[in-house]
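Report on the following structure.
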Amino acid sequence: MAGKERRLPVAGRIEPEVNRYYAKVAKRYTAAGIAALTVFLLYVAAVAVFASDSITTENLAYLVRDFGTAADEGSRDFGRIVYNGTSDTSFSWFRGGLAVCGTDSYRYFDKNGLAVVADPLNWSNPVAVAGEKYMLVYDLGGTGWAVYNQLTQIVSRQADERIIAADIARDGSVVMVTRSRDTRYVVSLYNAAFNRTMLSYKDSYVLAAAVSGDGEQFLVASVRPSSTDFDCEIELIRRGEDTPLTKDVLSHAMPLMARAAENGFIVLCDSAVHYYDTYGVRQKSVSLSGMTLKYADIVSGRTALVGQVNALGSEHRVMVLDQGGEILYDQVLRQRAAGVSMGRDPSDALCYLRTADSVIRIGPDGGESVYTPDSGEIVGVVPLSEGALLCQKNAAWPIFTGDGET
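Counting from 12, one number per residue, gives the positions in the sequence shown under my numbering.
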């Protein structure tokens, strides 16, 4: 019997044990799944029939690409970005990529250098304002304006009169200042659907405006003649209300810039930086006496300032203020400054000072490090959470990456 397979007889058939309750639940979930799949297939069929013109391979590629928009913005994640620009081209970081705005086009590149958006423009003085959700681009002194996300153009409009200033909120609301034939200036407020919901007419000369993150209130900074000089008038207006919530008059001051902050607004004048709370009440002012303001940048409520301190322009004072107006850095450098960019992350860098041929990084401890390109004009510097992008006329690349290139 060795080597033979032995079979054991089995009497009857083995039936698995079944729990009738769970079997009934499983049948119901199966039926619900089939119903949901049927509804989904009907929806896909309806979209394919009634919206077939909008379904393209490009749109599907944008959908897939949008899943990675929250990627890290460190300089080591960026490759070399190539474009065709001029000395007047402006640059800004926007949702993980680089926005390049010139008189002939607006372009948006992802961190790998791929041109995601390339929209032709024919504007004399385009200005790009980056929000958390959208990018606002308008023609300063012209009438054109447009809004983009990181994938495509959302809306393109023509203002009734020449645009003087504009700002975009976190939710997509837009405040826009234009000239008027009836009065001096008109302040328009657009909601997140880009429909104009409010008009405010101003007899004074409006020079700056800012809208809060939720779009519910906006600040208007204007000048009006006084007996011997000009005074700056600050008004905070709530959506839907004709009467300003508060009004503040600054004697002998000229407004230059206004920005919304986490807990209010910041107004930069030629003589001081003023901090207002959400009710429009001035909380603090930082004087700029002893310097002639040349360059400034405000990011996330933090402010970087550069002012000339001597007639020759060989020395410049560099100041960095936190969200409450406290001084983080204040030094006079023997450098001829050509621009300043506020650091995006104060733990990485306070600011980046641009000179004619180099970039000076001012670290969180006040230390300085310098990057000098081999050749070419430095057109702009775009700070990231780690390091920055150095922008020349035709290309941008990461600097201060900590790998020995600085």
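The beta-carbon is built from N, C-alpha and C at its ideal position, and this holds for glycine as well.
Along the chain, where does the beta strand (DSSP E) that runs through residue i open and close?
i, result
"Gly418", "The requested residue 418 does not occur in the structure, where the chain is confined to residues 12 to 417."
"Tyr287", "283-287"
"Leu400", "399-402"
"Trp156", "155-159"
"Ala407", "406-410"
"Ile418", "For the chain, the structure presents residues 12 to 417; residue 418 sits outside this window and is missing."
"Glu337", "Looking at the DSSP string, Glu337 is not in any beta strand (DSSP E), and its letter there is neither H nor E."
"Ile309", "303-310"
Report the three-state DSSP secondary structure of residue i (helix, strand or coil).
i, result
"Thr49", "helix"
"Val75", "At Val75, the pLDDT of 46 sits below 50, so the modelled position is not reliable and the matter cannot be decided from this model."
"Phe89", "coil"
"Lys258", "strand"
"Thr100", "coil"
"Val55", "helix"
"Val292", "coil"
"Phe229", "strand"
Starting from the Cα of residue i, find the closest Cα among the options and give me that residue.
i, options, result
"Asn133", "Asp115, Gly142, Tyr119, Asp121", "Asp115"
"Gly335", "Val284, Gly155, Ile373, Arg365", "Val284"
"Asp150", "Lys144, Ser167, Arg345, His263", "Ser167"
"Gln294", "Asp308, Asp259, Arg250", "Asp259"
"Pro375", "Glu397, Lys213, Ala47, Gly152", "Glu397"
"Ser101", "Ala399, Val392, Gly413, Thr412", "Val392"
"Ser282", "Tyr363, Met146, Ala56, Leu299", "Leu299"
"Ala271", "Val36, Asp178, Gly90", "Asp178"
"Val292", "Leu256, Tyr340, Asn30", "Leu256"
"Phe229", "Leu247, Asp240, Asp242, Pro236", "Leu247"
Compute the distance between the beta-carbons of residue i and residue j, then report whether it is under 8 Å.
i, j, result
"Gly354", "Pro384", "no"
"Tyr159", "Tyr94", "no"
"Ser103", "Lys404", "no"
"Val420", "Ser233", "Absent from the structure is residue 420, since the part of the chain shown begins at 12 and ends at 417."
"Lys213", "Val231", "yes"
"Val317", "Val343", "no"
"Ile174", "Trp156", "yes"
"Thr314", "Gln346", "no"
"Leu364", "Val329", "yes"
"Arg192", "Ser215", "no"
Is it right to say residue i is buried, meaning 16 or more other beta carbons lie within 10 angstroms of its own, or is it exposed?
i, result
"Val50", "exposed"
"Ile410", "buried"
"His327", "buried"
"Ile45", "exposed"
"Tyr201", "buried"
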